[in-house]
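What follows is one structure encoded as structure tokens, with my remarks underneath.
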């Protein structure tokens, strides 16, 4: 049976403009609720946020979620209770200022408190905030940051996050090693792979689902989001046409099967794919 691709228009997302924060919710969040969109597989939150200069999310607690930020433009500084108080740094293992191409990841686990601030004096920051439900509660909090270039994403899909290789029964020692199922990715405590690509007009990028490392090999849930990075971007997924802010919700697809994404707009199309159980 072929994969089923459902087109989800941007207009079906929740929206709130708080002045300092202009945000769109792919799934029910805060004061916006839609029973059709409470999550997809293990993915619980996908917010596309724009935060004004010299503002941001003050320190607040999280637990038992895998949380990551994908920076599209501008600057974002993340601080949390794992690292304690620190100034800015050029070291990715510290609190450095994240810019385009950076991805910051936190396992909330038993509990953390963190803040996300746009400390730039004049430029808004545009980023995706994604939450994934972990396969276990009470995990030890962890923190990772990685960077990916425009050239990497324009060459094809870049896998950014993959499941912890040892799986849900990993020992405390193996947890500390934080070895991902796919080398040079960030390990997540979920049966989820997160990838991103920038597709130039007229080009097609292919993505193999599951990458041979997932636990659930049949009937994966794949959520494709075309960011609003550039007006005029358009991507074809099967017979569905995505415009900025749109998504494709793909079901009945298995590990090892391939999806094709064709950029048919006039500008580069930046999209992310959440391949979930």
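In the working numbering, the protein residues as written are 57 to 333.
For each residue, glycine too, the CB sits at the ideal point set by N, CA and C.
Just so it is clear, the structure is predicted and the values come from calculations on it, not from any experiment.
Residue 68 by DSSP, collapsed to three states: which one? Within the chain shown, numbered from 1, the residue matching residue 68 stands at position 12. Three-state result, residue 68: helix.
Supposed contact pair residue 254 and residue 221 - C-beta distance, whole angstroms, cut 8 Å: Residue numbering aside, residue 221 sits at position 165 when the chain shown is read from its first letter. Residue numbering aside, residue 254 sits at position 198 when the chain shown is read from its first letter. With a Cβ gap of about 28 Å, residue 221 and residue 254 do not count as contacting.
So what does DSSP say about residue 175, is it helix, strand or coil? Walking along the chain shown from the start, residue 175 turns up at place 119. Residue state, collapsed to three classes: coil.
Residue 208 - containing alpha helix (DSSP H), residue span: Counted from its first residue, the chain shown places residue 208 at position 152. Counting along the chain, the alpha helix (DSSP H) containing residue 208 begins and ends at 206–211.
Indicate, with yes or no, if the ligand GTP has a heavy atom lying under 7 Å from the CB of residue 132. Ligands are entirely absent from the displayed structure, and the ligand GTP is therefore not among its contents.
In whole angstroms, what is the alpha-carbon distance linking residue 291 and residue 230? Stepping through the chain shown from its first residue, residue 291 is reached at position 235. Stepping through the chain shown from its first residue, residue 230 is reached at position 174. Cα to Cα, the separation comes out at about 40 Å.
If you draw a straight line from the alpha carbon of residue 107 to that of residue 77, how long is it in whole angstroms? The residue given as residue 107 occupies position 51 in the chain shown. The residue given as residue 77 occupies position 21 in the chain shown. C-alpha separation (whole angstroms): 5 Å.
Which full runs of the beta strand (DSSP E) of 3+ residues lie inside the region 220–269, going along the chain? 242–244, 248–255 and 260–264
I need the DSSP call for residue 324, collapsed to helix, strand or coil. Within the chain shown, the letter at position 268 stands for residue 324. Correct three-state label for residue 324: coil.
Three-state class that DSSP yields for residue 304 in the structure shown: Start at 1 with the first residue of the chain shown, and residue 304 comes out as number 248. Of the three classes helix, strand and coil, the one that applies to residue 304 here is strand, per DSSP.
Can you tell me where the beta strand (DSSP E) with residue 80 in it begins and where it stops? Residue mapping note: residue 80 aligns to position 24 of the chain shown, counting from 1. Counting along the chain, the beta strand (DSSP E) containing residue 80 begins and ends at 77–81.
Quick check on residue 187: does DSSP put it in helix, strand or coil? For the purposes of this step, residue 187 is identified with residue 131 of the chain shown, where counting begins at 1. It is a strand residue.
7 Å CB neighbourhood of residue 178 in its chain, flanking five on each side removed: The residue given as residue 178 occupies position 122 in the chain shown. Cβ within range, chain order: 109.
How long is the line joining the alpha carbons of residue 120 and residue 294, rounded to whole angstroms? In the chain shown, the residue the question calls residue 120 occupies position 64. In the chain shown, the residue the question calls residue 294 occupies position 238. Using only the alpha carbons, I get a separation of about 35 Å.
Residue 310 versus 277, 299, 213 and 284, residue with shortest Cα-Cα distance: Residue 310 sits at position 254 when you count from the first residue of the chain shown. Of the candidates 277, 299, 213 and 284, the one whose C-alpha sits nearest the C-alpha of residue 310 is 277.
Relative to the C-alpha of residue 257, which residue among 211, 191 and 161 is closest? Within the chain shown, the letter at position 201 stands for residue 257. Cα-wise, what sits closest to residue 257 is 211.
Outcome for residue 117 when other beta-carbon atoms lying within 10 angstroms are tallied against a minimum of 16: The residue you call residue 117 lines up with position 61 of the chain shown. Per the 10 Å Cβ criterion, exposed.
The beta strand (DSSP E) that contains residue 157, what's its start and end? What you label residue 157 is simply residue 101 of the chain shown in a count that begins at 1. Segment: none, residue 157 is in no beta strand (DSSP E) and carries neither H nor E.
Would you check if the region 237–246 and the region 185–193 touch, i.e. whether three or more CB-CB distances between them fall below 8 Å? yes
Decide if residue 303 is buried, meaning its Cβ has at least 16 other Cβ atoms within 10 Å, or exposed. Residue 303 sits at position 247 when you count from the first residue of the chain shown. The residue in question, residue 303, is buried, as its Cβ has 16 or more Cβ neighbours within 10 Å.
State yes or no: is the C-beta of residue 59 within less than 8 Å of the C-beta of residue 313? Locating residue 59 in the chain shown gives position 3, where the first residue counts as 1. Locating residue 313 in the chain shown gives position 257, where the first residue counts as 1. Yes, the pair counts as a contact, with Cβ atoms nearer than the cut-off.
With 16 other Cβ atoms within 10 Å as the buried cut-off, status of residue 219: For the purposes of this step, residue 219 is taken as the residue at position 163 of the chain shown. Answer is buried; the Cβ neighbour count reaches 16.
Straight-line CA distance for residue 306 to residue 64? As a first step, residue 306 must be located in the chain shown, where it is residue number 250. As a first step, residue 64 must be located in the chain shown, where it is residue number 8. Approximately 10 Å between the Cα atoms of the pair.
For residue 158, which residues from the same chain have a beta carbon less than 6 Å from its beta carbon, with the 5 sequence-adjacent residues on both sides left out? Along the chain shown, read from residue 1 onward, the residue named residue 158 stands at position 102. Around residue 158: 127 and 203.
Residue 94: buried (16+ other C-beta within 10 angstroms of its C-beta) or exposed? Stepping through the chain shown from its first residue, residue 94 is reached at position 38. That one is exposed.
Under 8 Å between the Cβ atoms of residue 80 and residue 288? As a position in the chain shown, residue 80 is number 24, starting the count at 1. As a position in the chain shown, residue 288 is number 232, starting the count at 1. Taking 8 Å as the Cβ cut-off, residue 80 and residue 288 do not qualify as a contacting pair.
Limits of the unbroken beta strand (DSSP E) element including residue 129: Here residue 129 is taken as the residue at index 73 of the chain shown, counted from 1. That run of the beta strand (DSSP E) goes 122–129.
Would you decide whether residue 236 is buried or exposed? Buried here means 16 or more other CB atoms lie within 10 Å of its CB. Translated into positions along the chain shown, residue 236 becomes position 180. By the neighbour-count rule (16 or more Cβ atoms within 10 Å), residue 236 is buried.
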